[in-house]
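Okay, here's the thing in structure tokens:
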């Protein structure tokens, strides 16, 4: 087989993105690929021909280390190929031809699938035989056509474990206090919903959970908080960074923040904003905590299920390409007999968003149902909720 592939990573890191890289590398060598190359800093680096040979991962020891390495071994970018820019697209294909690439794999989220879609479309128009395959990852879990997105369960485990530990710290003083934990999620509240795992293990610990899918009413929030503080000393609130009001406006956005090439602006700051509002209206101790990038690099709390499926998806992507599939994203189906791998047309996925199901949000808009816990528990660990620490709490 005279095939040569190139693999890239893009967007934000996850705990499992390198496992997908390892799976693709391993399967490519197993399938007889002549060369397995990597692009440094995604498509942006590729355009500058920052390309390396990944032959070091013929070593089983190095491959094992890669699986458990946090962040992104090949680096990342936030570069968007301009729509209908033939100059850039022609340059991409010129470089692909120069290196003799037959198969192109890109590991990423929504924006990375946009890249795959554009390359597939341009390739078909010019009669190219190169196969373009997307491999999913994002802690946001908002990619369409997949049961879940690799990286998400591991991030959930980190979020839930951290809030569990915080709850014990919050309880040590006989004072009224409010702790607001801000969790990543620009457009969908999947990750913030994982705070409900804390309640599944320690009922009543997280009092309010707010997601972007439900309009946030600040006045109602203050009323609910006042009522809760009448019956509890410690109130814990989980908020998605992208919570919006009834008009779709972010509760907190830095208007001076720069946007990336996909038009995304940093949304962080809603926990601090809510803290300031509570300080103005209530005379209680308030903490605002941003979990920030720790949510996506917590290898010490990775999910075994997540890592295994991420590796398998990388491997399956190569199998799809050797079977001449093109313009697809590999994905996971949840069947009665377990997880099944499949491939979905990229046109149905790129630039779409899978929102958190509103039927999994309590009718009052400030809590998450047990149906979500049933969805996420098998993804957290083969041991389910038993993976979480068993702390002692004084009655």
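Numbering (the working numbering), first residue to last: 2 to 396. For glycine and all other residues, C-beta sits at the position ideal for the given N, C-alpha and C. This one's a predicted model, so the numbers in the text were calculated from it and none came from an experiment.
Residue environment for residue 115: buried (at least 16 other C-beta atoms within 10 angstroms of its C-beta).
Beta-bridge pairing by DSSP links residue 38 to 7 and 54.
Comparing alpha-carbon positions, the option among 126, 151, 131 and 234 lying closest to residue 297 turns out to be 151. By the Cβ test, the stretch 299-313 is not in contact with the stretch 213-227, since fewer than three Cβ pairs between them sit closer than 8 angstroms. Taking 8 angstroms as the cut-off, the beta carbon of residue 369 is found no closer than this to the beta carbon of residue 276. With fewer than 16 other Cβ atoms from the protein chains shown falling within 10 Å of its own Cβ, residue 359 counts as exposed. Between the stretch 369-383 and the stretch 197-212, the count of C-beta pairs closer than 8 angstroms reaches three or more; the two stretches touch. Residue burial is scored here from C-beta neighbours: residue 137 has at least 16 other C-beta atoms within 10 angstroms and is therefore classed as buried. Looking at the DSSP output, residue 104 sits in a beta bridge with 6 and 132.
Here DSSP, grouped into helix, strand and coil, assigns residue 201 to helix.
With a 10 Å radius around the Cβ and a threshold of 16 neighbouring Cβ atoms, residue 174 comes out exposed. Just measuring C-alpha positions, the residue of 66, 3, 53 and 57 sitting nearest residue 19 is 66. The stretch 158-172 makes no contact with the stretch 107-126, as fewer than three CB pairs between them are under 8 angstroms. Counting along the chain, residue 340 sits inside no alpha helix (DSSP H); it lies in the beta strand (DSSP E) bounded by residues 339-346. With respect to the 8 angstroms criterion, residue 192 and residue 140 are classified as neighbours on the basis of their beta carbons.
A straight-line Cα-Cα distance of about 8 angstroms links residue 96 and residue 48. By the neighbour-count criterion, in which 16 or more other beta carbons inside 10 Å mark a residue as buried, residue 56 falls on the exposed side.
In the three-state DSSP reduction, residue 396 falls in the coil class, being neither helix nor strand.
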